[in-house]
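The numbering of the sequence shown is my numbering, which starts it at 327 and goes up by one. I have placed the structure first, in the form of structure tokens, so that the comments after it can refer back to it.
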Amino acid sequence: MQEKDKQQKQKQHKERHFMASELVHNIVIGMSDGLTVPFAIAAGLSGTDVSTRIVVIGGLSEIAAGSISMGLGGYLSGRTDLEHYNRERKREKRETEEVPQQELREVEDILTGFGLEEDQSKPVAKAISKDKNRWIDFMMRFELGLDKPDPHTALRSALTIGLSYAGSGFIPLSPYFAASSVQTALYISVGVTLTALFVFGFLKGRVMGINALQSGLQTLLIGGVAAGAAFIIARLI
């Protein structure tokens with residue numbers, strides 16, 4: 327009976343791990359900047375004697391430039407990670423060919439670091455070294471701490487960050503499309519931006535499995551301070 331209950335519990339047990347950290351990371355980068363920078367530009371222009379049309383043009387120009395710049399940054403970052411991995415893999419491949427005994431001892435040291443005894447680590451290390459690709463993969467992962475990046479990561483990051491920036495950038499700018507005066511649009515933009523920051527943080531917390539309310543308030547506080555600082559700088563300029 328106990329064995330049957332144990333098997334039933336094992337069937338019911340499902341591990342839940344968050345596997346989209348890269349996507350969320352890129353969205354956070356794009357949206358956090360997209361909510362604060364266009365807001366600061368529009369708010370800074372609102373302090374001058376300009377019409378809502380000028381504020382909209384300035385805001386749209388910033389969104390276009392910012393989304394391209396942020397997307398390019400994400401692409402270059404992804405390409406750099408891939409190039410670094412490929413360079414280190416070539417070096418490890420060369421070392422397994424030129425100094426195999428030294429590399430084999432490094433595998434043994436890594437295994438003993440996981441708790442294996444020396445007489446246990448030697449046969450395991452030898453078994454790993456029989457497959458050259460598996461050997462190199464082992465050294466990349468456990469000696470250098472590098473996982474092979476997805477070759478499509480760079481383009482995916484560029485699109486995700488760029489589109490997140492552009493999409494969120496329209497949120498603080500949207501009141502200027504409809505409001506009759508710049509000052510009215512500014513007040514509405516402040517409320518809309520702060521609300522968006524909280525909602526964004528709340529949803530991020532729900533997706534990542536952390537305290538959603540705390541995440542929302544934290545994002546609101548940090549984003550609000552960043553937006554306020556950017557607004558002051560834009561006003562001074």
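For every residue, glycine included, the Cβ atom is placed at its ideal position computed from N, Cα and C.
Please report the distance separating the alpha-carbon of residue i from that of residue j.
i	j	result
GLY392	SER483	15 Å
GLY527	LEU481	25 Å
VAL433	ASP463	11 Å
ASP445	ASP407	37 Å
ASN537	ARG405	33 Å
LYS448	PRO426	14 Å
SER372	GLY399	29 Å
ASP359	ALA451	47 Å
VAL551	LEU562	17 Å
GLN336	LEU543	Any reading at GLN336 must be qualified, since the residue scores a pLDDT of 49, below 50, and its modelled position is unreliable; the value itself is stated next. Whole-angstrom Cα-Cα distance: 38 Å.
LYS419	GLY535	40 Å
GLN509	ILE559	18 Å
GLY385	LYS456	60 Å
LYS416	HIS478	20 Å
ASN352	PRO475	15 Å
VAL516	SER347	30 Å
ALA555	PRO501	21 Å
Do residue i and residue j have their C-beta atoms within less than 8 Å of each other?
i	j	result
LEU529	LEU546	no
VAL518	PRO498	yes
GLU469	ILE514	no
ILE389	GLY495	yes
ARG370	MET396	Sequence check: residue 370 is Gly here, not Arg. Going by C-beta atoms, GLY370 is not nearer than 8 Å to MET396.
Just mark residue i as buried or exposed, buried being the case when its beta carbon has 16 or more other beta carbons within 10 Å.
i	result
GLU429	buried
THR521	exposed
LEU512	buried
ASN459	exposed
ALA492	buried
SER541	buried
Since residue i contacts residue j with CB under 8 Å, what's their CB separation in whole angstroms?
i	j	result
ALA366	ALA553	6 Å
GLU414	MET466	7 Å
GLY531	LEU361	The Cβ separation is near 16 Å, so there is no contact.
VAL354	VAL533	At roughly 10 Å, the Cβ-Cβ gap does not stay under 8 Å, so VAL354 and VAL533 are not in contact.
TYR401	LEU472	In fact, because the Cβ distance is near 20 Å, the residues do not count as touching under 8 Å.
* Asked: Do three or more CB pairs link the stretch 492-505 to the stretch 366-385 at distances below 8 Å?
  -> yes
* Say whether the stretch 441-452 touches the stretch 469-489, bearing in mind that this needs 3 or more beta-carbon pairs closer than 8 Å, one atom from each stretch. => no
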